[in-house]
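Chains as they are written, first to last, in the working numbering: chain L, -13 to 142; chain Y, -13 to 142. The structure appears right after this line, and notes come after that.
2 protein chains.
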Amino acid sequence: MSISSVLPSQTSGASLQAKSLIQEAGERPTLSRQVVLEILLNTPRALTHTEIASAAAEAGNALDRVTLYRVLDWLIDKELAHKIASEDRVWRFNALSRDAQNSSSTHEHAHFQCKYCGQLYCLDELRPAFAFTLPPGFQCEHAELTLRGRCPDCQD
Amino acid sequence: MSISSVLPSQTSGASLQAKSLIQEAGERPTLSRQVVLEILLNTPRALTHTEIASAAAEAGNALDRVTLYRVLDWLIDKELAHKIASEDRVWRFNALSRDAQNSSSTHEHAHFQCKYCGQLYCLDELRPAFAFTLPPGFQCEHAELTLRGRCPDCQD
DNA sequence: AGGTGAACTGCTACACTGTTGCATATGTCT
DNA sequence: AGACATATGCAACAGTGTAGCAGTTCACCT
Ligand SMILES: [Mn+2]
Ligand SMILES: [Mn+2]
Ligand SMILES: [Zn+2]
Ligand SMILES: [Zn+2]
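Written out as structure tokens, the structure is:
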């Protein structure tokens, strides 16, 4: 599956958006960071490390595997991105919307992962809110909700 | 952290329970399978592959790493156990209660994982039931709810 | 402009989790 | 007991992510 299929052709506007988001955070807008953040901003779903590496290479900005891990950690630390665990033991990364950054409950939202192709989407509008009672001694600080099923690409 | 601290001293009753559960499924009750299932039955939380290996070794029944992976897969296939993913990319395994096996919605229940020690518990009584609307083209087949917070062992 | 120092980057080597292939051992059934 | 299916153990490998360290780049200050 080609990554480029999910990536709109890159516009200088997107590049500027990535750069200015980094600059607004008061940080160095290095090429690696711009490239990675731009990829994340330009895709509607969360991408794996491998997918991001391929997308960067396709865009003519191949970067070292380890550097990519560090850039991603950095983006998360600056709250420009977040990562989601899934059953295949691979982290998937997505840009954090400005709204999500500003909300006090940082990016508390549900996710959807396709059982058939593995693609994972953030459901920004769906925030978990449950009523339950835990066994004594357990204190809940956070709830994670992942829906699994069939994505639009995998209709039969 | 010693595994034995969470494992009640093994009784012949527990051993018989593991053996008879396997036999009732019409399968070979090999020593490896009995040992592993007995460990899972005797612990109130889900255990990692490493924890199970240690527990088996402590019980005097050390078994090969790969064999353990295969025994666990086998137990899951026979619906005597299930495994839960978590953010540390390590599967955790727990015996399936008889009730859970018989319920048509096989083991649809929530989990709790401690942010501080990583221990993971099945919340058998807590079945996810949510009302939400997905974006068009997405079909939900399953919902996974994981609560994260502080477990009884990690109170400050 | 040019120098300086903090930081970012790339390379190598490694750790951890899990899988595959294959030879050997075990257990069930006749 | 013998035959056959299958379970086990060993070795080698794959995928994902991390640590250490040397070299480079960039923002800032003369
Ligand atoms: Mn998300
Ligand atoms: Mn469970
Ligand atoms: Zn799909
Ligand atoms: Zn804990």
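Each residue gets a CB set at the ideal place from its N, CA and C atoms; glycine is no exception.
- Cβ proximity to chain L below 8 Å picks out nothing from the stretch 32 to 49 of chain Y.
- Ranking L:Leu27, L:Phe98 and L:Val21 by CA distance to the CA of Thr53 of chain L puts L:Val21 first.
- At a cut-off of 8 Å, the beta-carbon of Gln9 of chain Y does not count as near ligand 4: no heavy atom of the ligand is closer than that.
- Not one beta carbon of chain Y lies nearer than 9 Å to the beta carbon of Gly12 of chain L.
- A Cβ of chain L is located within less than 9 Å of the beta carbon of Cys137 of chain Y.
- By the criterion of a C-beta distance shorter than 8 Å, Ala39 of chain Y is surrounded in its chain by Ala48, Leu49, Arg51 and Leu54, once the five residues flanking it on both sides are discounted.
- Annotated three-state conformation of Lys69 of chain Y is strand, per DSSP.
- Cys140 of chain Y carries a helical assignment under DSSP once its states are collapsed to helix, strand and coil.
- At the C-beta level, Leu112 of chain L and Arg31 of chain L stay beyond 9 Å of one another.
- Residue state for Leu109 of chain L is assigned as strand, using DSSP reduced to three classes.
- As the crow flies, the alpha-carbon of Leu58 of chain L is around 8 Å from that of Phe79 of chain L.
- Ala71 of chain L has its CB no nearer than 8 Å to any heavy atom of ligand 1.
- Within chain L, Gly135 and Arg136 have C-beta atoms less than 7 Å from the C-beta of Gln125 of chain Y, given in sequence order.
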